[in-house]
Amino acid sequence: MPSLDDLRKRITSVKSTQKITKAMKMVAAAKLRKAQENAEKGRPYSEKMNNVILNLSKSITDKENAPKLLVGTGEEKVHLCIVLTADRGLCGGFNTNIIKKAKSYFEKIISENKTLKIITVGSKGYDQLKRQYKSYIVENISFKESKNINYFDADKVGKIIIEKFEKNEFDVCAIFYNKFKNVITQIPQEQQIVPLNENKDDKDDSGNDNDYEFEPDEDEILSNLLPKNISTQIFKAMLENSASEQGSRMTAMDNATRNAGELVDRLTIEYNRSRQAAITKELIEIISGAESL
Amino acid sequence: MSNLFNIDIVNPEQSFLSKDNVFEVVIPAVEGEIGILKDHIPIISFLKPGIIRVFSESEEQSFYVEDGIVEFKDNTLSVLTSSIFDLKDTDKNFVSESISSAEAELSKDNIDDQKRFLLNHKVEVLKFISIN
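Top to bottom, those sequences are chains A and B.
The first sequence begins at 1 in this note's numbering and counts up one residue at a time.
The second sequence begins at 294 in this note's numbering and counts up one residue at a time.
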């Protein structure tokens, strides 16, 4: 049975923790709004980019000579995985979910005797993966210094990927991130970016409206466009990730605040009970003392 | 019949400009400037550093772009670019910085001809901007 003093101390400490989590929730909510806005603003760019690439790849007839970034190297021995996580913790299952998704993919690759290479973006991912997969991690990038997500950072990652591709260091590249669905749901995603997965659902295959004029020719445009597309995909993933991170943190902190509240209630009842018990005990002592006289 | 069409300029962060009352747009495509009017045939091309001029009924706007892709289809011109700014609010420091970084890049000797051409062109355009 903890003493009254102990209980009082615990109550104050839980209360101050609650204050912190509440503040963090508020901050996350404010940041979430901004991140969500940014994610929405960034969407037209990647959508348009996708459209253009789709139109272009439709009009490419000579699949053999198409740029390798689009069709792949013809092999799939070396897999490069880009794991995008947050730089900070205290955001519920956000980081863990991505890592879990990535790990199951890693296991599949390893069991198929293929070579695995990992690039982690964000320090939390690196922290969680370095224990088990240290030897596979080829690069660890973190953008802790940049306050906002900007295209420049995504472009840096994109350039690294392209550089590696040109040196034939990998055949297939996939990125892992959390897709923002709503504040309470974020879905860990695995997306292949090299070679570009062609969408099989040709729902708008109605038209032969792809008689574009190309200047210069298709190949040249594609080889110029595909590297940009990689950066764009990464940027999109980063935007989704940041919205997810804030959403996840908000829910986690909301839960924490609520739990702290419950804990305070419970502790207060216990405190009151033991105080009452002490008073009753004292009263009994006095009464029985008086009776014995 | 109106001779107006739509233009959408988007950069990765946001939609930069969206108008539906332009009658001519001049874009600096890699193989030379292209002027686009209504009912141009569908075209995809990409940009070299230069100035996009947008002529609408009421005004004329100019933007500096570094690179990007343009697509024209169904009387909508989409410009995707990662670096763009309005010539009206040119940041002199940014321009001179860009010039010096491009010149530094030029002085390296391991760049290919195409890149050299683009960089030279970029310096030219930026210098033009900084003079005006």
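Using N, Cα and C, we set each Cβ at its ideal position, and we do this for glycine too.
What you are looking at is a predicted structure, and each value in this text was computed from that prediction instead of being measured.
| For residue 326 of chain B, which residues from the same chain have a beta carbon less than 8 Å from its beta carbon, with the 5 sequence-adjacent residues on both sides left out? | In the second sequence, the residue the question calls residue 326 of chain B occupies position 33. Within the same chain, residue 326 of chain B has close Cβ partners 319, 320 and 343.
| query | Which chain B residues sit within Cβ distance under 7 Å of residue 215 of chain A? | reply | Taking the first sequence and counting its residues from 1, one reaches residue 215 of chain A at position 215. Result: 322, 324, 336 and 338.
| task | For residue 24 of chain A, count neighbouring C-beta atoms within 10 Å of its own C-beta (all shown protein chains included) and say buried if the count is 16 or more, exposed if not. | result | As a working note, residue 24 of chain A is residue 24 in the first sequence. Under this definition residue 24 of chain A is a buried residue.
| Quick one: is residue 250 of chain B near chain A, going by C-beta distance under 8 Å? | What the structure shows of chain B is the stretch from 294 to 425, and residue 250 of chain B is not part of that stretch, so it cannot be assessed.
| said: In the DSSP assignment, the alpha helix (DSSP H) including residue 158 of chain A goes from what residue to what residue? | reply: On the first sequence, position 158 is the one that residue 158 of chain A refers to. Residues 151-166.
| query | Among residues of its own chain, excluding the 5 on either side of residue 368 of chain B, which ones have a beta-carbon nearer than 7 Å to its beta-carbon? | reply | The sequence position of residue 368 of chain B within the second sequence is 75, counting from 1. Counting only Cβ-Cβ distances below 7 Å, and skipping sequence neighbours, we find 298, 299, 331 and 332.
| message | Beta-carbon within less than 7 Å of residue 261 of chain A's beta-carbon, same chain only, minus the 5 sequence neighbours each way: which residues are those? | response | The sequence position of residue 261 of chain A within the first sequence is 261, counting from 1. For residue 261 of chain A, same chain residues with a beta-carbon under 7 Å away, outside a window of 5 residues either side, are 18 in chain order.
| Between residue 225 of chain A and residue 52 of chain A, is the Cβ-Cβ spacing less than 8 Å? | Position 225 of the first sequence, counting from 1, holds the residue named residue 225 of chain A. Position 52 of the first sequence, counting from 1, holds the residue named residue 52 of chain A. The answer is yes: Cβ separation under 8 Å.
| Would residue 187 of chain A be called buried (16 or more neighbouring beta carbons within 10 Å of its own) or exposed? | Sequence index remark: in the first sequence, residue 187 of chain A carries index 187 (1-based). Flag for residue 187 of chain A reads exposed.
| field | residue 216 of chain A, buried or exposed, once every other Cβ within 10 Å from all chains shown has been counted against 16 | value | Reading the first sequence from its first residue, position 216 is the one you call residue 216 of chain A. Classification of residue 216 of chain A: exposed, given that the 10 Å Cβ count is below 16.
| Relative to chain A, which residues along the segment 362-382 of chain B have a C-beta separation below 8 Å, given in chain order? | Here the close residues are 362, 364, 366, 371, 373 and 375.
| For residue 202 of chain A, does the three-state DSSP call read helix, strand or coil? | Stepping through the first sequence from its first residue, residue 202 of chain A is reached at position 202. With a pLDDT of only 45 at residue 202 of chain A, under the threshold of 50, the placement of this residue in the model should not be trusted, and no figure is reported.
| Using a C-beta cutoff of 8 Å, does residue 183 of chain A count as contacting chain B? | Along the first sequence, one-based indexing puts residue 183 of chain A at 183. With 8 Å as the cut-off, residue 183 of chain A does not count as an interface residue toward chain B.
| Going by DSSP, which residues form a beta bridge with residue 379 of chain B? | On the second sequence, residue 379 of chain B is found 86 positions in, with the first residue counted as 1. BP columns for residue 379 of chain B point to B/356.
| Since residue 338 of chain B sits in a beta bridge, which residues does DSSP pair it with? | As a position in the second sequence, residue 338 of chain B is number 45, starting the count at 1. Its beta-bridge partners are A/215 and B/363.
| Per DSSP, residue 194 of chain A is paired with what? | Here residue 194 of chain A corresponds to residue number 194 of the first sequence, with the count starting at 1. A/173.
| task | Determine which residues share a DSSP beta bridge with residue 322 of chain B and list them. | result | The residue labelled residue 322 of chain B in the question sits at position 29 within the second sequence. Per DSSP, B/325 and B/340.
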